Structures are given as structure tokens and as C-alpha cells.
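A.B. asks:
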């Protein structure tokens with residue numbers, strides 16, 4: 038039996054340890070994965086409370102000195118110093134339109150060297166034409182004491198503001214060539230934004246680190262297209278991971294009712310939303326008869342029922358031998374993490390871990406080697422192996 042502990046509670050998760058065998062997935066077709074049938078991987082760990090007071094911890098970024106930066110979706114950025122439990126509010130944020138699923142979203146630190154360190158953030162911004170808001174990407178320097186954002190600059194702001202409160206995206210990742218990628222969801226306009234290259238929304242974007250548009254982006258020669266677009270036809274990508282070793286960009290996204298997807302993202306590809314989908318309307322009615330279509334990229338895998346995926350994290354720490362080299366993908370809806378084994382372009386297997394831990398919103402691996410979880414309504418927890 039897997040026993041998850043914290044300083045405030047101890048809870049046993051019955052049935053969490055099943056067979057040690059992996060669920061092996063075929064490589065030539067799209068796999069409908071039922072999370073209930075996934076095997077579980079037993080871990081002897083305890084979940085220790087490290088900070089409370091963050092209702093929806095959308096992102097966690099670990100700093101090299103052991104501090105953590107944490108976004109609260111309502112529009113606050115917190116600093117949690119190493120070996121403390123007191124949250125310090127970081128100053129210098131832009132105006133944030135916190136509504137529905139919008140607010141202060143992802144953050145990611147990019148360090149070229151000690152003299153070039155920038156913090157990138159995505160958030161819902163009301164700037165620009167029209168009522169409502171859309172997702173923006175900005176960067177700023179972090180002060181020496183980590184309590185203030187300096188020299189802020191908006192690198193990209195999605196046009197076509199909307200008063201709809203859903204599907205802002207958004208995650209941020211970097212590759213090895215000096216590019217930043219980020220996502221914007223379809224903003225609740227599935228029949229308008231994702232398939233229209235002239236409109237923001239339902240896209241993954243690629244920029245130089247300073248916000249310039251790369252000349253080799255796939256649509257730069259198309260005059261009516263958004264030149265920052267890297268891929269399109271997405272619903273609401275809220276998890277991304279860049280495989281630096283193999284130069285691959287992975288993303289997952291929320292389906293409607295069923296059809297949450299794991300995708301290998303490639304330049305210029307159309308991922309099909311909403312023309313093709315493995316899901317249906319929340320009411321149970323169908324909105325498309327197609328699951329595949331020529332010219333549209335099928336997912337590597339898809340989850341039905343929907344698991345509501347949130348973040349992704351490659352485990353490199355020696356503290357978790359069973360997890361090292363695997364990519365963790367968190368489920369908000371069913372309170373577990375999936376440990377993925379990715380090989381080249383293929384999802385070879387996946388296993389459930391920490392089933393019942395809570396609604397996992399964000400993941401990070403600290404400079405101390407520990408994995409940190411951001412849980413809706415529970416704050417930040419650290420996974421500590423039990424000896």
C-alpha cells in the first residue's frame with residue numbers, strides 16, 4: 038500500500054499498488070487510454086507541506102539557490118525562500134485580468150550566464166482592442182533578492198480580446214537554439230480561432246528570446262498569418278516540455294469530454310481542433326464525425342475519459358530511482374500523476390503514481406533534487422523519499 042504523508046495528515050491509498058508491469062502502447066496508432074486501467078508504480082514517499090496560502094498555484098519555478106517562485110492565478114507572484122514557509126509577494130507585475138481560467142499563469146527562468154537572466158511570464162491581459170483579454174508573454178529581470186521584477190517588457194500579446202473566461206493556455210519552454218515557445222488556448226471560440234492563422238488562439242508560438250519573430254518560422258511568408266505561430270489547431274495546451282537531448286517539443290492539451298491529447302509538436306503542423314477530435318461536447322452530443330483527416334496531425338496518445346492534464350516535468354534527480362528519466366504529467370480531474378516513458382517519437386508506456394494526492398496544478402524539480410507539487414486548495418508540497 039502506498040502511504041502518502043504530510044506534516045498535517047497521513048492518508049493511505051488503497052489499491053494504489055497494482056502490477057509492476059507497464060502498460061505497453063502500440064506505436065502505429067492513436068491509443069485511447071483509460072486512466073482507470075493504467076498500472077500503478079509504487080513509491081515510498083511522503084508529501085510534506087512547505088507553503089500554504091496559494092489557492093491555485095499555476096506554476097512553480099525553482100531557483101539555483103533553493104528558493105521557489107510560485108504564481109497564484111488570481112494575479113500574485115510569490116517567493117518562497119529555502120527552508121522557510123513564509124510567502125513573500127514579488128513586486129513589479131503588469132496589470133492582470135484575473136477572470137475565469139485567466140490570471141497569472143506560467144513562469145520560466147532562462148539563464149544564458151550570470152549576466153543574462155530573464156524571467157518569462159504568461160498572463161491574461163486586457164491591453165489592445167476589444168473588451169475582455171487574451172494571453173500575453175512578458176519577460177523581466179529578477180532583482181538580486183528575488184523580490185522584484187525589473188525592466189519588464191511585453192514580448193507578445195494575443196489580439197482579438199474576448200470576454201470569455203476559458204482556454205488561455207499557457208506554458209512556456211525554451212530550446213537549445215535560443216527560442217522561447219508558449220501556448221494560447223482557443224479562448225472558447227473553437228470554430229473561429231484554432232484553424233484561422235490570421236487570429237491568435239489555439240496556437241503554439243515561437244519567438245527569439247527578445248521577442249523577435251524568427252525568419253524561419255513556418256508562416257512568415259504568409260502575409261495574412263500570425264508570423265509567430267509554430268503550430269495550430271490546438272484546443273487548450275496547458276503543459277509543454279522540451280526534450281533538449283533529442284530536440285523535440287512535447288505538449289498536451291485538454292480535450293472536451295474525452296480526447297485529452299499528448300502531441301509531438303512540429304513546425305507548421307495542424308493538430309486538427311475542432312475539425313477532428315476524440316472527444317464530444319460536455320453534453321454528450323457530437324460536434325464532429327472525424328477522428329483523423331489528411332493534413333491534420335493525430336496525437337501521439339489520447340485520454341478518454343479526460344484526465345484534465347496540467348503540467349509536465351522530466352525527472353533527473355537521483356532521489357527517485359523509479360522515476361529518473363521519466364516525464365511526469367499531472368492530472369487535475371482524477372488526482373494523480375502519470376509517469377511517461379518517451380522513446381524517440383513514441384510514448385512507450387505510462388504508469389500512475391501518487392493516486393489520490395490532490396488536484397495537481399504544477400510541477401517542479403528543485404535545486405535540492407526534490408519534486409515540488411502545486412495543488413489547488415492545498416498549496417505547495419515536497420515529495421520526500423522515506424528511508
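Residue numbers (the numbering used here): 38 to 424. C-beta: ideal position from N, C-alpha, C; glycine also. The structure presented is a predicted model; accordingly, all values stated were derived computationally and were not measured.
Just list the residues that DSSP pairs residue 297 with in beta bridges.
C.D. replies: Residue 297 pairs with 340.
A.B. asks: Grouping DSSP H, G and I as helix and E and B as strand, with all else coil, what is residue 356?
C.D. replies: In the structure shown, residue 356 sits in coil (DSSP, three-state: anything other than H, G, I, E or B).
A.B. asks: For residue 37, name the three-state secondary structure that DSSP assigns.
C.D. replies: Outside the displayed range of the chain (38 to 424) lies residue 37, so it cannot be described from this structure.
A.B. asks: Among the residues of its own chain, which have a CB less than 6 Å from the CB of residue 223, if the five just before and after it don't count?
C.D. replies: Result list for residue 223: 204, 230, 231, 238, 239 and 272, in chain order.
A.B. asks: So who's on the other strand from residue 290, going by DSSP bridges?
C.D. replies: In DSSP, residue 290 forms a bridge with 274 and 298.
A.B. asks: Distance check for residue 146 and residue 211, CA to CA, integer angstroms please.
C.D. replies: Cα-Cα distance, rounded: 9 Å.
A.B. asks: Any contact of the stretch 86-94 with the stretch 378-395, i.e. 3+ C-beta pairs under 8 Å?
C.D. replies: Not touching, per the Cβ criterion.
A.B. asks: Are the beta-carbon atoms of residue 301 and residue 287 separated by less than 8 Å?
C.D. replies: A contact, by the Cβ cut-off of 8 Å.
A.B. asks: Taking the alpha-carbon positions, what's the residue 317 to residue 192 distance?
C.D. replies: Going by the C-alpha atoms only, they are around 35 Å apart.
A.B. asks: Could you tell me which residues DSSP pairs with residue 107 in its beta bridges?
C.D. replies: Beta-bridge pairing links residue 107 to 97 and 115.
A.B. asks: Quick one: complete alpha helix (DSSP H) runs, 4+ long, within the stretch 127-203?
C.D. replies: Qualifying alpha helix (DSSP H) stretches: none in this window.
A.B. asks: Would you kindly work out how many angstroms separate the C-alpha atoms of residue 117 and residue 347, rounded to a whole number?
C.D. replies: Cα-Cα distance, rounded: 22 Å.
A.B. asks: Given that a residue counts as buried once 16 or more other Cβ atoms are within 10 Å of its Cβ, and exposed if not, what is residue 26?
C.D. replies: The shown model of the chain, from 38 to 424, leaves out residue 26, and the question about it has no answer.
A.B. asks: What span of residues does the beta strand (DSSP E) with residue 373 cover, start to end?
C.D. replies: Segment 373-380, the beta strand (DSSP E) holding residue 373.
A.B. asks: How is residue 256 classed by DSSP in three states: helix, strand or coil?
C.D. replies: In this structure, residue 256 counts as coil in the three-state DSSP scheme.
A.B. asks: How many whole angstroms separate the CB atoms of residue 299 and residue 337, which I take to be in contact at a CB cut-off of 8 Å?
C.D. replies: About 5 Å separates the two Cβ atoms, so the contact holds.
A.B. asks: Would you call the CB atoms of residue 159 and residue 179 closer than 8 Å?
C.D. replies: Not closer than 8 Å, so no.
A.B. asks: Would you identify the three-state DSSP class for residue 74, choosing helix, strand or coil?
C.D. replies: Looking at residue 74 - three-state DSSP - the assignment turns out to be helix.
A.B. asks: State the CB to CB distance for the pair residue 83 and residue 423, rounded to an integer number of angstroms; the pair is presumed to be in contact (CB under 8 Å).
C.D. replies: The Cβ separation is near 6 Å, so the contact holds.
A.B. asks: Run the CB neighbour count on residue 38, radius 10 Å, all protein chains shown included, and call it buried at 16 or more, exposed below.
C.D. replies: Low local confidence applies: a pLDDT of 32 at residue 38 is under 50, so the model's placement there is unreliable, and no value is given.
A.B. asks: If the criterion is Cβ atoms closer than 8 Å, does the pair residue 405 and residue 103 meet it?
C.D. replies: It is a contact, given that the beta carbons lie within the stated cut-off.
A.B. asks: Taking the beta carbon of residue 113 as the centre, do at least 16 other beta carbons fall within 10 Å, making it buried, or is it exposed?
C.D. replies: Classification for residue 113: buried.
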